[in-house]
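Participant: Attaching a single structure in structure tokens format; questions to follow.
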Amino acid sequence: MARHLKIAAAQLGPLHREDSRAVAVSRLTKLLRDAHAMGAKFVVFPELALTTFFPRWWIESQAEVDARYFEKSMPSKDTQPLFDEAKKLGIGFYIGYAELTPEGRRFNTAILVGPDGSIVGKYRKIHLPGHADHKPKAAFQHLEKNYFEVGDLGFRVWRYLNTITGMLICNDRRWPEAFRVLALQGAEIVALGFNTPSENLHYPEPPALRVHHHLIMAQSMAFQNAVWLVETAKAGFEDGFRMFGHSLIVAPTGEIAAKSQSEEDEVICANCDIDLAANLKKTMFNFAAHRRPEHYRLIVERVGAEVTPAN
Ligand code: CDT
4 MARHLKIAAA QLGPLHREDS RAVAVSRLTK LLRDAHAMGA KFVVFPELAL
54 TTFFPRWWIE SQAEVDARYF EKSMPSKDTQ PLFDEAKKLG IGFYIGYAEL
104 TPEGRRFNTA ILVGPDGSIV GKYRKIHLPG HADHKPKAAF QHLEKNYFEV
154 GDLGFRVWRY LNTITGMLIC NDRRWPEAFR VLALQGAEIV ALGFNTPSEN
204 LHYPEPPALR VHHHLIMAQS MAFQNAVWLV ETAKAGFEDG FRMFGHSLIV
254 APTGEIAAKS QSEEDEVICA NCDIDLAANL KKTMFNFAAH RRPEHYRLIV
304 ERVGAEVTPA N
């Protein structure tokens, strides 16, 4: 019998600099209840879901950054109510947050929480976009390379809710390598939260084109890796800067099963047939039969593109 899992993407509208953790957690908890009312058993929240997307700001004082935006423990007094509600409702969830470790290391992190409230898995974002230097003339900044270290836990999957589930975070969705490493471990679901500005920081680009790229990437990554892909936005005018919504649940066929319509708090849900990918995995994307890794060596040996001299 096919395995089905009702999965929700719980999109958040903006969280401003002055919003407290309590505001964020109460909105997340409401979204969790909405997802439960729709029958969801797994809820995917956004990247850095407890605060504004603070990497848009250059902040001189590391002490201020740590106090306002980083979590020293998870759950904490502030986040415990979300864990308690999820446990009460018997729902598992993915959530992103800024992690400050006891050793003083800082990561852009996501965790997978089981329906019993226990933390099943942790992922620390590997592809950190943007820049580390202060760009005071820019309309807004993207300082992930300043605030976070590159994740040190690799790309992993977990046995979770009778599926095999992997986690990624935001910019990872632009890198086929990240998905393929999860797919090579048998991933059936990939959960991912994001914060994506509607404007391009580097050069003028129509906002619609940015959404177009978001959609085509999600559909192709889901299909080429035969996974269910759940991508959840934090969206809207946050601190005055717009980020797009378009949270998605994409089937392994590459079809969009559900998509958000607002840039506000909004839950979308799909009843996912986890075995939908079985035929694809046995035929077109039967990795064992068709992949040719002996010809892919450059992917791990070379980072940037180099033009090979003509033979
Ligand atoms: N949060 C995050 O990774 N956002 C990036 C924006 C890139 S622009 C510097 C993204 O890929 O959506």
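Take the sequence shown: its letters are residues 4 to 314, numbered as in the numbering used here.
Cβ atoms here follow ideal geometry from the backbone N, Cα and C, with glycine treated the same way.
Report yes if the C-beta distance between N198 and L51 is below 8 Å; otherwise report no.
Facilitator: On the sequence shown, position 195 is the one that residue 198 refers to. On the sequence shown, position 48 is the one that residue 51 refers to. Closer than 8 Å, so yes.
Participant: Which whole-angstrom value describes the C-beta separation of A225 and G257, a residue pair presumed to lie in contact below a C-beta threshold of 8 Å?
Facilitator: Here the question's residue 225 lines up with position 222 in the sequence shown. Here the question's residue 257 lines up with position 254 in the sequence shown. Contact flag correct, Cβ pair sits at about 6 Å.
Participant: On a Cα-Cα basis, can you pick out the residue from R294, K125, R24, E74 that is closest to G107?
Facilitator: Taking the sequence shown and counting its residues from 1, the one referred to as residue 107 is at position 104. Considering only alpha carbons, the answer is E74.
Participant: Rounded to whole angstroms, how far is the Cβ of P49 from the Cβ of G99, which I believe are closer than 8 Å?
Facilitator: One-based indexing of the sequence shown puts residue 49 at position 46. One-based indexing of the sequence shown puts residue 99 at position 96. Indeed they touch by this definition, with Cβ atoms about 6 Å apart.
Participant: Can you tell me which residues form a DSSP beta bridge with F244?
Facilitator: Within the sequence shown, numbered from 1, the residue matching residue 244 stands at position 241. Paired residue(s): E241.
Participant: Should C317 be counted as a contact of the ligand CDT given a C-beta to heavy atom distance under 7 Å?
Facilitator: Missing from the structure shown is residue 317; the chain here goes from 4 to 314 and no further.
Participant: Flag R300 as yes when its Cβ comes closer than 7 Å to any non-hydrogen atom of the ligand CDT, and as no otherwise.
Facilitator: Counting from 1 along the sequence shown, the entry for residue 300 is found at position 297. Incorrect: R300 has no Cβ contact closer than 7 Å to the ligand CDT.
Participant: Count the other C-beta atoms from every protein chain shown that fall within 10 angstroms of the C-beta of D136, then say buried if there are 16 or more, exposed otherwise.
Facilitator: Indexing the sequence shown from 1 puts residue 136 at position 133. The residue is exposed, with fewer than 16 neighbouring Cβ atoms inside 10 Å.
Participant: Pick helix, strand or coil for Q14, following the three-state DSSP scheme.
Facilitator: In the sequence shown, residue 14 corresponds to position 11, counting from 1. Residue state, collapsed to three classes: strand.
Participant: Distance, Cα to Cα, Y163 vs W61?
Facilitator: Within the sequence shown, numbered from 1, the residue matching residue 163 stands at position 160. Within the sequence shown, numbered from 1, the residue matching residue 61 stands at position 58. The straight-line gap from Cα to Cα measures roughly 38 Å.
Participant: Please report the straight-line C-alpha distance between L53 and K125, rounded to a whole angstrom.
Facilitator: The sequence position of residue 53 within the sequence shown is 50, counting from 1. The sequence position of residue 125 within the sequence shown is 122, counting from 1. Going by the C-alpha atoms only, they are around 17 Å apart.
Participant: Quick check: the stretch 283-294 against the stretch 220-234, are there 3 or more CB pairs under 8 Å?
Facilitator: A contact exists between the stretch 283-294 and the stretch 220-234.
Participant: D170 by DSSP, collapsed to three states: which one?
Facilitator: The residue labelled residue 170 in the question sits at position 167 within the sequence shown. The residue asked about is misnamed: residue 170 is Met in this sequence, not Asp. Reduced to three states, the DSSP call for M170 is strand.
Participant: According to DSSP, is I267 helix, strand or coil?
Facilitator: As a working mapping, residue 267 is identified with position 264 in the sequence shown. It should be pointed out that residue 267 corresponds to Glu in this sequence rather than to Ile. In this structure, E267 counts as coil in the three-state DSSP scheme.
Participant: Any idea what DSSP makes of F111, helix, strand or coil?
Facilitator: Taking the first residue of the sequence shown as position 1, residue 111 is located at position 108. The sequence as given places Asn at residue 111; Phe does not occur at that position. Strand, per DSSP.
Participant: Between which residues of its own chain and G120 is the CB-CB distance below 6 Å, once the five residues before and five after are set aside?
Facilitator: Here residue 120 corresponds to residue number 117 of the sequence shown, with the count starting at 1. So the list reads F86, K90, once near-sequence residues are dropped.
Participant: Between the alpha carbons of M77 and W161, how many angstroms are there, rounded?
Facilitator: Taking the first residue of the sequence shown as position 1, residue 77 is located at position 74. Taking the first residue of the sequence shown as position 1, residue 161 is located at position 158. If I take the Cα positions, the gap works out to 19 Å.
Participant: Go to Y97, then tell me how far its alpha helix (DSSP H) extends in each direction, as first and last residue.
Facilitator: Within the sequence shown, numbered from 1, the residue matching residue 97 stands at position 94. Element bounds for Y97: not the alpha helix (DSSP H) but the beta strand (DSSP E), 95-103.
Participant: List the residues that DSSP assigns as beta-bridge partners of K44.
Facilitator: As a position in the sequence shown, residue 44 is number 41, starting the count at 1. For K44, which the question treats as bridged, DSSP gives no partner whatsoever.
Participant: Taking the alpha helix (DSSP H) that R162 falls in, what are its first and last residues?
Facilitator: The residue you call residue 162 lines up with position 159 of the sequence shown. Counting along the chain, R162 falls outside any alpha helix (DSSP H), though it belongs to the beta strand (DSSP E) covering 160-163.
Participant: Mind checking who W231 pairs with in its DSSP beta bridge?
Facilitator: Sequence index remark: in the sequence shown, residue 231 carries index 228 (1-based). DSSP, once it has assigned bridges, lists I192 as partnering W231.
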